[in-house]
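Beneath this line is the structure, given in structure tokens, with notes to follow.
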């Protein structure tokens, strides 16, 4: 596998009107920018326009900072909201993963990273149990054990925050972490904290969703990858998937079958996030 | 297509214990019964045993009534609940379909019936609007228009009941009927009234589920075929399915995409019901 | 349902280079064109660029012919291949459907047209059997019976050609037609003749694919919607889908389950074709 | 997770006739056998009957060998073919995994084993490259490197055979092994050697199936888990799955997306095999 060529990724939202694409593509063409991917979306309900443009870095006469500086004028002209970005695929992405006891999502992510499929540095794994320390370290990644005593979760969360923030990660991945993030962490990590919930949201919010699903007698179980917000399991959805179950499946069977879609849905959502494919719009996402 | 050979279908639930299968299959073998399909399920939570047995009619020395009379002893020995049945595939199934304006499920069902795929006599279609009268009559099926004035739905429902009950149908199909059945009809048609709800229940109960789905920003929309009970959209689920949507899909797009799974899910659930494949157990179903 | 607003759809392929998007969007912006959908794709293997642009008709100072005339210059500048088009959603689409005995795809298409979901005039249905005459006429659509005697298919095809060509349709839909189009019809209807094949191509080309699938013991059966070319079942694929089967499914069960995906896959492919979403590139398609 | 209770699993095939179920269940009932799972299938084409029965070990007055000895009489009475088995869930299953360079299936299987989801002892991993030695050993499993020089594969295969056979494994898993087993190994490991092929067979047999899929322009890519036979990629299929791709997906994207279904399909097929759920019938499988 040769290294993919370096690219700049522009993501962008602004009020819809005539001439936006012309303005952006005109700006890029003027500097020789070679667009290799371009996606657009207009939300008719809110009249908001979204785009993601991928440009070959070697086609432009400046680096990412230079592009960012020049693009600011375009963004201002188009009244872009403040979330517009220019990112550089030459800059390594960093993630920190939070886990509890269940290892399937962690095993899956580490396997993807080790095989080069998921292009991210896992700076650390933090667990409220020690069960997953060995496999983490076998991958050469630091594991931090932060116990969550029932009476003092606040202190534990402060410790987690410190361990996370020192890496300034692009993604904080809750890989079946099972602890509810306090509101201020939700706020500070907004747009970076990604959770996998083991149900097809908004069904079965909260604890023991497979038990809820079994009781209700559903014929499919699901998984939802979403950004974490202060409202439990109610953040913007990045991706979802389902798998068929039937009357023969016990709760344990549902748990087992569900794991396969949890893993895939989390990995897919994380990949899209790291590639700057996910734009948040209110409580919904645009995934380019 | 030659006529499928005539079969008797035994469905059955009783407390689990040793020897049930031996008792049933011993009884059948004693009379020369040739079993062509046999399915079993034990629910470990309730300790309840379920079975469905399909026997070639020509292998037994008696007709369905005779089998029923003799099987009663087996059922009593095994403390079967009162819902055990012996049905005869030689007896034509009858259905009445209730509709409103949206025709996709009706078109689909009529097409399946006309092509011989769905083996049922549609005795009548009843609509609270007249939009679907022509297509129904083009299939040679009587269409009854029963208006539902906002202030007097009770009278309308009495009329519907009369039109339905005169056919004593095996299935009352709510093919996007959009009116909530009163509790007494739910009770009287229990286990026969089948609804298609246009969401992946228990998400988005009640009105305008696609609007709710769009607002929540889900990445899949669903459909649920279930028995109607007095609790709105909370009856035993027969089947469910989903289809992928994305940020580019408006509510109208979701409605359109969802139709394809509504049609298929309803048709599949109805077929299973008519073939006596669905056993209700509390608020869940066993689908053999 | 209000009529959707009128739009012009530009589809386009040319060698990839810098500035294409700027050229097109600049041209549109110059005339006040309001782009409501825009999609791009570059094929890295062939270096070919594709786009589909949807513009609000009322935002431009000219009609479709005017746009076409002016856009010709852009197309020439960019060395577009000759297949570029400007189409007008205000112009009704016409289709002719070819059938044999199996009605499921025809029932499905007619239901979609009748309910307004599929926005096309079905100018005629042509069958080599008469089985589907009644349902066609019940929808107010002319049905033509053209027998295909074993010894003289050429004459039959000439008759089909005449019946089709008099409508100059945007789509000739082979809805389980079961007769192999002669090479000259494949050529003359290239890019307009759409077939549904009842397998997941390239598996099980030719006759009786469900029998082939059953013999091979596959665990999924499929359907493929594709443009017809002179190579049997080898034309550019528009869409495919599959459905799960198992050891309990006879060939007849596979046929029945497969129908549900045949119907949906054909309807989806036809819709995309009629909306000018499908661009053919060699033997592959770009579906925007 | 408490240990699941011990069970005996009877699998069985014989010519169909009246009274088979009565004979088997009568035999079990006579000895107090508590059946917890029972599945039946008759193949109408060949007139062959199949069953899988799961009995609580503690309900019978003898061990697996005792059951086997007594069941032999039933098997003989019913003219069962020689492949009938009584297996004991109390006996640990052993597997040997063969790999090459691509690690995704191995990572996945090891993760499932480590988390207790897949109940098997991986006795050894054998690779024709060393790339996967470290992760294997991190799981405490021996890794053997057997190089496959282009000119002398026969010697390499003899070495593999020795390393495999000393464990007498229930399953020899070709987890993207990429070497074609010689005919005598196919024969000696018949019904135990399980391969994952990275296409929806019978499409794209042999080398580079994703390249073949890309060239053909398919809209779904697949994976097939099957028993290895001397005919390349033509053995009995255990399970298959597919994932959607589109024109934007390069061969590399297809490879990446395909991995997710390869992993799941292999793991599912292996689990079914280890649970004695897969009965081979000619070139097809019955999966209970």
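Chains as they are written, first to last, in our numbering: chain A, 728 to 1015; chain B, 728 to 1015; chain C, 728 to 1015; chain D, 728 to 1015.
Beta carbons are placed, not taken as given, at the ideal position from N, Cα and C, and that holds for glycine.
Only a predicted model underlies this, so the values are computations on that prediction, with no experimental measurement involved.
Can you find a C-beta in chain C that's less than 9 Å from the C-beta of residue i?
i, result
"residue 831/B", "yes"
"residue 732/B", "no"
"residue 974/D", "yes"
"residue 1004/A", "no"
"residue 991/B", "yes"
"residue 967/D", "yes"
Hey, does residue i have any beta-carbon neighbour from chain B nearer than 9 Å?
i, result
"residue 986/C", "yes"
"residue 948/D", "no"
"residue 862/D", "no"
"residue 743/A", "no"
"residue 841/C", "yes"
"residue 736/D", "no"
"residue 838/C", "yes"
Please classify residue i: does DSSP put it in a helix, a strand, or coil?
i, result
"residue 980/C", "helix"
"residue 967/D", "strand"
"residue 735/A", "strand"
"residue 746/C", "coil"
"residue 884/A", "helix"
"residue 854/B", "strand"
"residue 890/A", "helix"
"residue 848/A", "strand"
"residue 866/C", "coil"
"residue 1006/B", "strand"
"residue 1001/A", "helix"
From the beta carbon of residue i, is the nearest beta carbon of chain A less than 9 Å away?
i, result
"residue 857/D", "no"
"residue 959/D", "no"
"residue 865/D", "yes"
"residue 930/B", "yes"
On the criterion of 16 or more Cβ atoms from any shown chain inside 10 Å, does residue i qualify as buried, or is it exposed?
i, result
"residue 728/A", "In this prediction, residue 728/A scores a pLDDT of 44, lower than 50, which makes its location untrustworthy; no coordinate-derived value is stated."
"residue 874/C", "exposed"
"residue 984/C", "buried"
"residue 1004/D", "buried"
"residue 897/C", "buried"
"residue 956/D", "buried"
"residue 789/C", "exposed"
"residue 809/C", "exposed"
"residue 792/C", "exposed"
"residue 800/B", "exposed"
"residue 963/D", "buried"
"residue 750/A", "buried"
"residue 949/C", "buried"
"residue 914/A", "exposed"
Apart from the five residues just before and just after residue i, which ones in its own chain have a Cβ nearer than 6 Å to its Cβ?
i, result
"residue 880/D", "none"
"residue 1012/A", "963, 965, 1005"
"residue 781/C", "734, 736, 763, 764"
"residue 767/A", "778"
Cutting at 7 Å between CB atoms, please list the residues of its own chain near residue i, excluding the five before and the five after it.
i, result
"residue 738/A", "779, 811, 812, 1003, 1006"
"residue 856/D", "827, 828"
"residue 869/A", "851"
"residue 990/D", "831, 832, 835"
Looking at the C-beta of residue i, does it have a partner C-beta in chain D at a distance below 9 Å?
i, result
"residue 827/A", "no"
"residue 1011/C", "yes"
"residue 937/A", "no"
"residue 1068/B", "Since the first residue shown for chain B is 728 and the last is 1015, residue 1068/B is missing from the structure and cannot be characterised."
Identify every run of the beta strand (DSSP E) within the segment 754 to 842 of chain C, keeping only runs that are complete inside it and at least 3 residues long; order them along the chain.
Entirely contained in the segment 754 to 842 of chain C, the beta strand (DSSP E) runs reaching 3 residues are, in chain order, 762 to 770, 775 to 783, 812 to 815, 821 to 826.
Ignoring anything shorter than 4 residues, give me the alpha helix (DSSP H) runs that lie fully in the segment 892 to 973 of chain B, in order along the chain.
Assignment of alpha helix (DSSP H) within the segment 892 to 973 of chain B, counting only whole runs of 4 or more residues, yields 910 to 915, 936 to 943 in chain order.
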